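A short write-up of the structure that comes next.
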């Protein structure tokens, strides 16, 4: 009888919890309706394609379908690993992504901290609008503008000529290409990336700043001792996510801005997948590379999450 009472209590507790959840969903149903298109997008373009992962282990032929294509095990993975292009692809991808992480990750944080110190709302909103706008331009438009600026007859070289400096071939010069990628990528997205940090800053208790003022702290000390500690949890969470994308070096940007003269420094896994998957219809090898990237990204996220968790900072789980 005691056992029956306990089990009845557990069932009652579960039903009460479910009813509370449904009440919360009903209460905020408009927000869930807003979330629905995003869920549908991820389901169609990110979860349904999982059904095709098996072709990485098959010699996939479109005319006979996935089910009837012969299994070949790790053949495509071995081909990729032993390919003469693999090392160059890996180095280019890691260098471009690494530069973006090292130089690009801190920029939205610094920008958010500086913008948070602006007291005049009209100036703040104007700066936000100007810095957010490039994010909404496609890389075809934005990259085309950049190429027109840095081309041999572009405005940058015209300015250099005005100072008596010889024109620099930015577009076809391998020595400049990675730097141009990183700088233009930062300029395009740092304003948008600062949104999450500005949201975190807006949630800081104003009483903390008031207490710091009473203690005689200036703006700099408030930033160091109040703002930064409150922002660190968000910084660590974003860092974990960014580490997981280390093998995604930005296909659209490189596809738009690269040319055959800079393939040696610009060819990454994604551009290679485009060539062999779309242009050569080698879907099995392209899927194998995608699966390799996904597994490596997952391992990196788990590892980064565990390392940061050991330091006592907030993590994804």
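In the numbering used here, the protein residues as written are 6 to 322.
We put the CB at the ideal spot given by N, CA and C, even for glycine.
No experiment lies behind these values; they were computed from the predicted model shown.
Residue 118 sits away from residue 129, with the two beta carbons spaced by 9 Å or more.
For residue 290, the enclosing alpha helix (DSSP H) stretches over residues 288-315.
Nearest to residue 107 by C-alpha distance, out of 184, 263, 298 and 280, is 184.
Counting only runs of 4 or more residues that sit fully inside the region 18-65, the alpha helix (DSSP H) segments are 34-47, in chain order.
A direct Cα-to-Cα measurement between residue 135 and residue 254 gives close to 25 Å. If you look at residue 125, you'll find it isn't in any alpha helix (DSSP H); DSSP assigns it neither H nor E. The shortest C-alpha to C-alpha distance from residue 73 to any of 62, 80 and 82 is the one to 62. The beta carbon of residue 266 is closer than 6 Å to those of 177 in its chain, skipping five residues each way along the sequence. Residue burial annotation: residue 113 is buried, with at least 16 other C-beta atoms found within 10 angstroms of its C-beta.
When rounded, the separation of the alpha-carbon atoms in residue 132 and residue 314 is 35 Å. In summary, residue 165 is exposed, with fewer than 16 beta-carbon neighbours lying within 10 Å of its beta-carbon over all protein chains present. Residue 214: member of the alpha helix (DSSP H) spanning 211-219, first to last residue. Look at the region 161-189 and you find no whole run of beta strand (DSSP E) that is 3 residues long or longer. Between residue 262 and residue 191, the gap from beta carbon to beta carbon reaches 9 Å or more. Contact between residue 85 and residue 293 holds, with the beta-carbon distance rounding to 6 Å and staying under 8 Å. One alpha carbon belongs to residue 300, the other to residue 25, and they sit about 38 Å apart.
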